[in-house]
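Reading through the structure tokens given below for one structure.
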Amino acid sequence: MSVELRPVTAENWEALIKLQVREDQRGFVASNVYSIAEAQFGFEDEGHWDFYPFGVYADGEPVGFLMYCLNFAHSRFQGFVIRLMVDERFQGKGYGRAAMEQALEILRADERILQVGISYEPHNKAAQALYASLGFVEPGELMDGETLAILKLR
Ligand SMILES: CC(C)(COP(=O)(O)OP(=O)(O)OC[C@H]1O[C@@H](n2cnc3c(N)ncnc32)[C@H](O)[C@@H]1OP(=O)(O)O)[C@@H](O)C(=O)NCCC(=O)NCCS
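The numbers in the numbering used here rise by one with no breaks, and the one at position 46 of the sequence shown is 1508.
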């Protein structure tokens, strides 16, 4: 299996907005069309966060979406994985884990990023187990109603 992150472009955004999670998972993640719109503007918190949206491709086929954002001036985490989804047809095949590993590889390569944050709905056990297995630790606080977890890179 070959999994890669490809930046969202004029060529692939329409294929990516067709990807969907299961109906019972819709409360866990925003739609990809929302994320791609959000990515145009970034947001302000201790300076400006820039968004980097990607399609997750398995053997050349779009199977999911991942987006991180960066703010090197932030005191607590300089990278944040703000979105991850794998389409309902492709879940449970290792694509979510592979996408996260690739994103973390990119973030780890940047010396300005000391810590990476992530958050998830408190009852999203699949996400919690995945992130914990990658080394994310919960400091025991909520961020906008979601459980916060942090990965120390350096
Ligand atoms: C969470 C999600 C991205 C995982 O992607 P995936 O491709 O299905 O996951 P993988 O096959 O790579 O599995 C990775 C890990 O996720 C966890 N996991 C996946 N499905 C799970 C399930 N049904 N129950 C419990 N844990 C599960 C396991 O820890 C698994 O580890 P393993 O490799 O030891 O089996 C995917 O299920 C999804 O899109 N869910 C809906 C949206 C969502 O919750 N996004 C995260 C928002 S923070």
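Ideal Cβ placement from N, Cα and C applies to all residues, glycine included.
At a cut-off of 7 Å, would you count residue i as near ligand 1, judging by its Cβ distance to the nearest heavy atom?
{"i": "Tyr1557", "result": "yes"}
{"i": "Phe1490", "result": "yes"}
{"i": "Gly1554", "result": "yes"}
{"i": "Gln1487", "result": "yes"}
{"i": "Ala1565", "result": "no"}
{"i": "Val1599", "result": "no"}
{"i": "Tyr1582", "result": "yes"}
{"i": "Ser1464", "result": "no"}
{"i": "Asn1478", "result": "What sits at residue 1478 in the sequence shown is Leu, not Asn. Checking the Cβ of Leu1478 against ligand 1 gives no."}
{"i": "Met1529", "result": "no"}
For the putative contact between residue i and residue j, defined by C-beta atoms under 8 Å, what is the C-beta separation to the nearest angstrom?
{"i": "Phe1505", "j": "Arg1468", "result": "Wrong, their Cβ atoms sit about 24 Å apart, outside the cutoff."}
{"i": "Val1543", "j": "Gly1526", "result": "Val1543 to Gly1526, Cβ: 13 Å. No contact."}
{"i": "Ala1565", "j": "Tyr1530", "result": "6 Å"}
{"i": "Ile1580", "j": "Gln1540", "result": "No, Ile1580 and Gln1540 are not in contact; Cβ-Cβ is about 13 Å, not under 8 Å."}
{"i": "Leu1532", "j": "Asp1512", "result": "5 Å"}
Buried or exposed, going by whether 16 or more other CB atoms sit within 10 Å of the CB of residue i?
{"i": "Ala1594", "result": "exposed"}
Between the region 1490-1509 and the region 1571-1590, do at least 3 Cβ pairs fall closer than 8 Å? yes
When the Cβ atoms of the region 1520-1537 are set against those of the region 1555-1571, are three or more pairs found closer than 8 Å? yes
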